[in-house]
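Visitor: Have a look at the structure that comes next, please.
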Amino acid sequence: MPVFALIDGNSFYCSAERAFAPELRGVPLVVLSNNDGCAIARTTEAKALGIKMGEPWHLALRRPACKQVEWRSSNYPLYGDMSRRMYEVLAARVPQVEPYSIDEMFLDLTGLPDLENFCRRLRDDVRRLAKIPTCVGIGPTKTIAKLANRIAKDDYTLHGVCDLRDPATRATCYAQSPLSMVWGIGGKTAEKLNKLGITSIADFVRLAPEQVRELLTVTGARVQAELRGQSCIPLTLMPPPRQAIAVTRSFGRLVTSWGELREAVAAFATRAAEKLRTDGLQAGHLSVFAHTNPHNGDAWYSASRAAQIEPTADTLTLITEAVRLLRTIWRPNFRYFKAGIMLGDFAPAQKQSRLFSTRDAVKSARAMAALDAVNARFGSGTLRPAATGMIKTWAGRQARHSPRYTTRAEEMLIAKAF
DNA sequence: TCTGGGGTCCTAGGACCC
DNA sequence: TCTGGGGTCCTAGGACCC
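Right, here's the structure in full:
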């Protein structure tokens, strides 16, 4: 019988901010999305004030209770680094760790004795060494471990660890828990099933598998099997190669000129190319989109264009292609709100070989290696194509961006937490 | 004149996740 | 005034082929 655990960081982005800013501990804190738009992470103190996940921050600020809330712009390099630290603590103590998202890791604990105590020590170690408070859920399948984790978060009397290996414990939990708590059952599916009178997890698990398959196709059937204790989703230690890279942004202010839109998309292409090279890939497919604001009453315009390209990881080539596509969808007299670029059809970048590479390919690989080296040494964006413009006029607000404590030497203050 | 069935590939759209 | 960004998987339907 396999045993899985899911460990995840509590209010992860907020906890990462707190690790380096002790004055933020114990006070309500939120981290905001790009442009300081919505709340995407909230501490328990902030949740207690009624701030909802994804709530527009300018609306929350109208409530008097929210004026006392501390907030930060999101700082992804910091969160990525804290995630790596968390992984390292776990990987040193558990044979098999699968990072699932920036703040969640699945563990294979099959065969380990005294699991609850083991998981408590794990939590303590992550807290002490990576400075991240966590919760742990244990179960015979990933879906059950995920549910147990959710219960550990909601019920503070469990002290951060919930074990749902025992079928009787599970049955009680299923009878009391709404279907929407289940990993893989989203809002639409829950609504659909609720209309049929299926509201608790117990109701769902009781259904005939054929009926579930008919209602929810294979994905729903897999969720049900997992909830019944039959493991269908194994731990994947080697993440499958990625299939797409997307770089998209809503703008800090509406973009009306071709030049500005072109610079923004060139900057997105530059970032996408960096990600591509980090993964050692070349892209054979590229698409570009732009649209107006669906919220502000402007005329709605949305367009995208895609093309197959000669596989490449060259920033300048990708910019050229992206701008060429953008030109075909550009219409004047609209106020653009958001745009983006997506890459796909990946192939491994060729190893440099004098025998098989064209001169241009060798030149490109060398130029990109030099570009990446400079930016790694002196910070991202130090060296970048002129097409991306001098000033990111389209960039959003990030009014309270914390220092990149862990990744930029010149911003590293005395790290109080470590 | 009668008028099949199955396979593949592609794309768009929906749903879900964090 | 101010409403995130980046992914995955599945299905349906059309085009095309034999």
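Numbering (full-length UniProt numbering), first residue to last: 1 to 418. From the three backbone atoms N, C-alpha and C, an ideal C-beta is built for every residue, glycine too.
Counting beta carbon pairs with one atom in the segment 107-119 and one in the segment 82-98, are three or more of them shorter than 8 Å?
Guide: Result yes; three or more Cβ-Cβ pairs closer than 8 Å.
Visitor: Are the beta-carbon atoms of I132 and A148 separated by less than 8 Å?
Guide: Not in contact: I132 and A148 (Cβ atoms no closer than 8 Å).
Visitor: Using the Cα positions of P64 and R377, report the straight-line distance between them to the nearest angstrom.
Guide: Looking at the two C-alpha atoms, the distance is approximately 45 Å.
Visitor: Mind reading off the beta-carbon distance from V205 to R222? Whole number of angstroms is fine, and I expect it under 8 Å.
Guide: Between R222 and V205 the Cβ distance is about 13 Å, and since that is not below 8 Å, they are no contact.
Visitor: Considering Cα atoms alone, identify which of P28, D314 and K52 is closest to R366.
Guide: Closest option to R366, Cα to Cα, is D314.
Visitor: Taking the alpha helix (DSSP H) that S380 belongs to, which residues open and close that run?
Guide: It is not in any alpha helix (DSSP H) - S380 carries neither H nor E in the DSSP assignment.
Visitor: Since I198 is in the beta strand (DSSP E), which residue starts that stretch and which ends it?
Guide: Looking at the DSSP string, I198 is not in any beta strand (DSSP E), and its letter there is neither H nor E.
Visitor: Return helix, strand or coil for Q224, following the three-state DSSP convention.
Guide: Here Q224 sits in helix by DSSP.
Visitor: Going by other Cβ atoms of all chains shown within 10 Å of its Cβ, with 16 needed for buried, is Q243 buried or exposed?
Guide: Q243 is exposed by the Cβ-count criterion.
Visitor: With 16 other CB atoms within 10 Å as the buried threshold, where does I414 fall?
Guide: At I414, the pLDDT of 44 sits below 50, so the modelled position is not reliable and the matter cannot be decided from this model.
Visitor: Please report the straight-line C-alpha distance between Q308 and A283, rounded to a whole angstrom.
Guide: Answer to the nearest angstrom: the Cα atoms are 9 Å apart.
Visitor: Under DSSP, the beta strand (DSSP E) around F346 begins and ends at which residues?
Guide: Y336 to P348 is the extent of the beta strand (DSSP E) around F346.
Visitor: Can you name the start and end residues of the beta strand (DSSP E) that residue 472 belongs to?
Guide: No statement about residue 472 is possible, as the shown extent of the chain runs from 1 to 418 and does not include it.
Visitor: Give the DSSP bridge partners of V30, in chain order.
Guide: Answer by DSSP bridge pairing, in chain order: R42 and W71.
Visitor: For R165, count the other beta carbons within 10 Å of its own beta carbon; 16 or more makes it buried, fewer makes it exposed. Which is it?
Guide: Label assigned to R165: buried.
Visitor: Less than 8 Å separating the beta-carbons of A267 and K142?
Guide: The answer is no: Cβ separation not under 8 Å.
Visitor: Tell me the DSSP secondary structure of I329 in three-state form.
Guide: Here I329 sits in helix by DSSP.
Visitor: For A5, collect the residues of the same chain with a Cβ closer than 6 Å to its Cβ; drop the 5 residues on either side in sequence, then sort them by chain order.
Guide: So the qualifying residues of the chain are L107, L109, V136, I138 and A145.
Visitor: Does G139 come out as helix, strand or coil in the three-state DSSP assignment?
Guide: In the structure shown, G139 sits in a strand (DSSP, three-state: E or B).
Visitor: Here's the rule I'm using: 16 or more other beta-carbon atoms within 10 Å means buried, otherwise exposed. How should Q350 be labelled?
Guide: Exposed: under 16 other Cβ atoms inside 10 Å.
Visitor: So, A264 versus I245, is the Cβ gap smaller than 8 Å?
Guide: It is not a contact, given that the beta carbons lie outside the stated cut-off.
Visitor: Should the segment 230-244 be called in touch with the segment 11-30, which here means at least 3 C-beta pairs below 8 Å?
Guide: Segments in contact, no.
Visitor: Who are S304's beta bridge partners in DSSP?
Guide: Partner(s): F289.
Visitor: With G379 and N34 assumed to form a contact (beta carbons below 8 Å), what rounded beta-carbon distance in angstroms separates them?
Guide: Wrong, their Cβ atoms sit about 20 Å apart, outside the cutoff.
Visitor: Would DSSP call A5 helix, strand or coil?
Guide: DSSP places A5 in strand when its eight states are reduced to three.
Visitor: Report all residues from its chain with a CB closer than 6 Å to the CB of A417; omit the five preceding and five following residues, and keep chain order.
Guide: Caution applies to A417, whose pLDDT of 46 falls short of 50 and renders its modelled position unreliable; the value that the coordinates give is listed next. A19, F20 and K131.
Visitor: Below 8 Å, can you find three or more Cβ-Cβ pairs linking the segment 77-94 to the segment 7-19?
Guide: Yes, the segment 77-94 is in contact with the segment 7-19.
Visitor: Between K195, I7 and G37, which has its C-alpha nearest R249's C-alpha?
Guide: Nearest C-alpha to R249: G37.
Visitor: So for Q230, helix, strand or coil by DSSP?
Guide: Three-state result, Q230: coil.
Visitor: Do you know offhand how far G207's Cα is from Y174's?
Guide: Inspection of the sequence shows that residue 207 is occupied by Leu rather than by Gly. Their Cα atoms are separated by approximately 13 Å.
Visitor: For the structure I just gave you, are there three or more beta carbon pairs, one from the segment 291-311 and one from the segment 360-375, closer than 8 Å?
Guide: Too few Cβ pairs lie closer than 8 Å, so no.
Visitor: Roughly how many whole angstroms lie between the Cα atoms of G344 and L276?
Guide: So the alpha carbons of these two residues sit roughly 10 Å apart.
Visitor: Kindly indicate which three-state DSSP category Q398 falls into: helix, strand or coil?
Guide: If DSSP states are grouped into helix, strand and coil, Q398 belongs with coil.
Visitor: Of the choices T312, Y336 and T358, whose alpha-carbon is the least far from that of F251?
Guide: For F251, the nearest C-alpha among the options comes from Y336.
Visitor: For the beta strand (DSSP E) that E98 lies in, which residues bound it at each end?
Guide: Segment Q96 to S101, the beta strand (DSSP E) holding E98.
Visitor: Measuring only the C-alpha atoms, how far is P403 from Q230?
Guide: Those two C-alpha atoms are separated by around 46 Å.
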